[in-house]
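Protein chains in written order, with the numbering used here: chain A, 292 to 1200; chain B, 656 to 769.
Structure, rendered in structure tokens:
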């Protein structure tokens, strides 16, 4: 018989057929692959033997096969008969078995098990997923802003080579100094670190002849400007040599946006003549939509670089570094070039000494564009990172305490043959699944949050159009999720892998955490408190700064003031007299509008960009040779300006109509200026002059003193300010300031009407209320504070939950001990004290570490603080007190539970 | 029909005894066992795959028999079952019970032991 089974027998059927038949029938049992293979081998061999026997007896192959299959299925399903035998034996694949199957099968198993576990504990799952969703959502949102504003490459060729540079003069209190064209030409021709560089100056044009007159942001740029960025025009060409003629603005380039808006995207725009400030200018090219330099410029005209001009330090510079040149290398090259030039031109730089090097700041263009948002963004992304760490510590603790409850489950699985590694993998799968669910929900949060952020007023966050959920942001979210899963999943997984079978299987084991797990939980609580303190202290400092900022007296009253900008276009308004006559008529007419209390003009309204400055010296206080002159802000204003701004005259008088062009020159100074030059003297009657002014009537007599006015921002340190009568020094572009008795916006159309009545080709632009200006100047701070406060609140809530959980579990594990103590006469107070002590120890350790950490971290906040030291003791005290209070309250609940332990019940158990 | 019923009833009560007896003196594989039962009962009792192997596994799980893979040159591997010490005790007890049962039936029905 055995011979008949030999493989060499010609009637041998294909054994794989039988194996397949068997395997199909066993599939529903889901056996471990190895076991299934054994069974199939044995049963297939049987069928094979039977088949061969039938064939030997003379049955046809088909009949023999039919008989064998009938016998196989004639007694009911094979699987159902085998189920009890092979399943219950414990040798089949339950979760306990060491990994035998493929990784994919194991993963499937782990995931389905994890899903079941999550479903069994919906509350726990919800808390974890929600905590993570908020954390990951916040992190993703802020990262997408960081990515768009700080990280995403600028849309120019090799953007990492693009830098801006400018001088700086701390001794003159000037953070940034632009260059004169003579100096720029020298640098451009001598410097070796740059492929090319360009100079530009921002200003604005009024376009007429295409409907209502409109004011457009513009820039005058040197011929190389577009070449520096490596951007080709969409239509037409850029400027060519010879177009930088003195009679400027003959040719112009326009932005994509302006082309669409004003010319409907008509490609015949190239060659068309537009009127800029009334002068004809031929459009030679249209730039592509992504080109946005500088700022919001929509028209570019050629800049004439005069190598002999040194009087206007007003050019900004941008350059492309040669490949391989570092920022520091480029900066040193610039310094050497400027030094060499200054020493060779004693006529322009008489005070230059060989060992006195030029002070130059050079930074990547992308950083320049991010501007003031850079620090707050970095602070926020760090804060959200800290918050995520706290959340992870919290979740790790939750998992640890649940692991304690699940100790027996783990032990049973170990007994069934699960390797520690297998159990750890299973737990990590659960963590990964929780993190994944949190991330999915978090991304939804991020989408919603980004929608809100996009609603912010334009111009608050640069490159806002670049902020979106792109692949890099998604990659970040995935990375953060993975790190979170590891952070909160690793500790419980490692603990579970070292599960102690004996103790855990013993009856009466209460599901309390082992000593090691408890220590780990304690560490997490300490970490949470430490990190929370850092966040609380940081946000406390910012909140206090903000409060200080709001209480700053800006030197004006913002309510009921309307601000609007006007420009008398040159050369249609060819001289100061024409300009004055235009503005006088505007002022006269606006003053007649019902509800207008006061109206004035200034070349720069507070909280707008730009700040005209001069080297003003006081008579008898001239700086000694080599000593720097302190620079003053200079504003040429009309008599109504102080009234319109609500600025009181502290001493003397304001300007009058009689301070005309031919009257004696007079000035009003602010108290900072008065204190600086005449700390113990009367400022009134003193005389001032511009450094270097040698004209006949160069003295300005001080006739009044006003409070310091915050010009660039509420947080700026008070600068020296000098006011002069507009009639004695005229500018073409002015801000109209109107104080009204009613809602200021209701005046806009009336004011527009009056301006148009004086000159229909002059538009009113940049119209807003002073209150809007103030609030928009605070918006970034408000946002930063709001977010940071939210993070800090979330942090200490999480810390509270964390310590509550740990103490609760501690109390649950010590019920018997408390019972005994109470039975032996311990009073409630003693027990309460015992429990609270543990909590206070943990919180205290965290707070001490947090205080040390905070003193190190707050230094990064310094540039955001106002009127508060980074080591502000009250803030730290309050933060500490808040956390101690939180800890005590969180511990009080389980502590009271401990005092209510009934000794009789506990001891009987 | 009657044959089938007898078959089922007898198998239920006696199957364990049959298997244990057949592996008492030498290890046998599954097909061999089914052939032996078939031939020695003259075809009255038949075990096919779906009934034989669950039974074998159950006996093995109880520790009465023990299966072992044996590979011989030129053949596929086969699983041979042998009686364990525990199985030997069970077999003795079952034989005793079976004999008492058959004798009791015989006394009542007058059917003589073959």
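Virtual Cβ for every residue (Gly too), placed ideally from N, Cα, C.
In angstroms, rounded to a whole number, what distance separates the CA positions of residue i and residue j?
i              : j              : result
residue 772/B  : residue 707/B  : This structure cannot speak to residue 772/B, because chain B is shown only from 656 to 769.
residue 830/A  : residue 1169/A : 12 angstroms
residue 524/A  : residue 566/A  : 21 angstroms
residue 461/A  : residue 887/A  : 42 angstroms
residue 420/A  : residue 1174/A : 25 angstroms
residue 563/A  : residue 647/A  : 51 angstroms
residue 1158/A : residue 694/A  : 49 angstroms
residue 1051/A : residue 504/A  : 8 angstroms
residue 753/B  : residue 783/A  : 58 angstroms
residue 1019/A : residue 972/A  : 27 angstroms
residue 348/A  : residue 764/B  : 40 angstroms
residue 1190/A : residue 736/A  : 43 angstroms
residue 1092/A : residue 751/A  : 37 angstroms
residue 730/A  : residue 769/A  : 8 angstroms
residue 799/A  : residue 748/B  : Per-residue confidence for residue 799/A stands at a pLDDT of 43, beneath the threshold of 50, marking its modelled position as unreliable; no derived number is given.
residue 398/A  : residue 720/A  : 8 angstroms
residue 937/A  : residue 956/A  : 24 angstroms
residue 872/A  : residue 866/A  : 10 angstroms
Would you say residue i reaches chain B, if we count a Cβ-Cβ gap shorter than 8 angstroms as a contact?
i              : result
residue 358/A  : no
residue 315/A  : no
residue 336/A  : yes
residue 362/A  : yes
residue 1125/A : no
residue 340/A  : yes
residue 350/A  : no
residue 385/A  : Confidence at residue 385/A is low in this model, with a pLDDT of 38, below 50, so its placement is unreliable and no value can be given for it.
residue 376/A  : yes
residue 332/A  : yes
residue 372/A  : yes
residue 369/A  : yes
residue 365/A  : yes
residue 380/A  : Residue placement at residue 380/A cannot be trusted, given a pLDDT of 41 that sits under 50; the coordinates are not used to answer.
residue 301/A  : Low per-residue confidence applies at residue 301/A: pLDDT is 43, beneath 50, and the placement is therefore not dependable, though the value from the model is reported in the following sentence. With 8 angstroms as the cut-off, residue 301/A does not count as an interface residue toward chain B.
With 8 angstroms set as the bound, which would you pick, yes or no: does the beta-carbon of residue i sit closer than that to a beta-carbon of chain A?
i             : result
residue 713/B : yes
Compare the Cα-Cα distances from residue i to each of the options and report the closest residue.
i              : options                       : result
residue 376/A  : 690/B, 673/B, 715/B           : 715/B
residue 1212/A : 438/A, 676/A, 480/A           : In this structure chain A extends from 292 to 1200, so residue 1212/A is not present and cannot be described.
residue 669/A  : 435/A, 921/A, 597/A           : 435/A
residue 1072/A : 1033/A, 937/A, 1186/A, 1005/A : 1005/A
residue 425/A  : 551/A, 1082/A, 902/A, 863/A   : 1082/A
residue 695/B  : 710/B, 704/B, 674/B, 757/B    : 674/B
residue 817/A  : 443/A, 550/A, 1192/A, 1142/A  : 1142/A
residue 1026/A : 1171/A, 659/A, 1042/A, 545/A  : 1042/A
residue 622/A  : 604/A, 641/A, 600/A, 649/A    : 649/A
residue 371/A  : 712/B, 729/B, 705/B           : 705/B
residue 626/A  : 721/A, 597/A, 474/A           : 474/A
residue 654/A  : 620/A, 315/A, 422/A           : 620/A
residue 737/B  : 677/B, 750/B, 672/B, 762/B    : 677/B
residue 1000/A : 843/A, 1090/A, 1111/A         : 843/A
residue 701/B  : 366/A, 1145/A, 320/A          : 366/A
Query raised in the report: Listed from N- to C-terminal order along the chain, which residues in the region 681-706 of chain B have their beta-carbon within a distance smaller than 7 angstroms of any beta-carbon of chain A?
Result: 685, 686, 703, 704, 705, 706
Report task. Can you give me, in chain order, the residues of the region 727-751 of chain B that have a beta carbon less than 9 angstroms from any beta carbon in chain A? Result -> 727, 729, 730, 731, 732, 733, 734
Query raised in the report: Three or more beta-carbon pairs under 8 angstroms between the region 953-967 of chain A and the region 1009-1017 of chain A, yes or no?
Result: yes
Query raised in the report: Are at least three pairs of beta-carbons, each pair with one atom in the region 1150-1162 of chain A and one in the region 833-840 of chain A, less than 8 angstroms apart?
Result: yes
Query raised in the report: Does the region 812-826 of chain A come close enough to the region 1074-1090 of chain A to have 3 or more Cβ pairs within less than 8 angstroms?
Result: The answer is yes - the region 1074-1090 of chain A touches the region 812-826 of chain A, with three or more Cβ pairs under 8 angstroms.
Query raised in the report: Counting Cβ pairs closer than 8 angstroms, one from the region 443-461 of chain A and one from the region 597-610 of chain A, do we hit at least three?
Result: yes
Query raised in the report: Looking at C-beta atoms only, is the number of pairs between the region 981-992 of chain A and the region 902-913 of chain A that lie closer than 8 angstroms three or more?
Result: yes
Requested in this report: Mind the definition here: the region 462-480 of chain A touches the region 571-586 of chain A only if three or more C-beta pairs lie below 8 angstroms; say whether that holds.
Outcome: With a cut-off of 8 angstroms, the region 571-586 of chain A and the region 462-480 of chain A do not count as touching, because too few Cβ pairs lie within range.
Query raised in the report: Does the region 317-332 of chain A come within contact of the region 683-690 of chain B, defined as at least 3 CB pairs closer than 8 angstroms?
Result: no
**Report entry** At least 3 beta-carbon pairs within less than 8 angstroms: the region 1029-1047 of chain A vs the region 616-633 of chain A
**Finding:** no
**Report entry** Contact the region 508-515 of chain A vs the region 482-495 of chain A: 3+ CB pairs below 8 angstroms
**Finding:** yes
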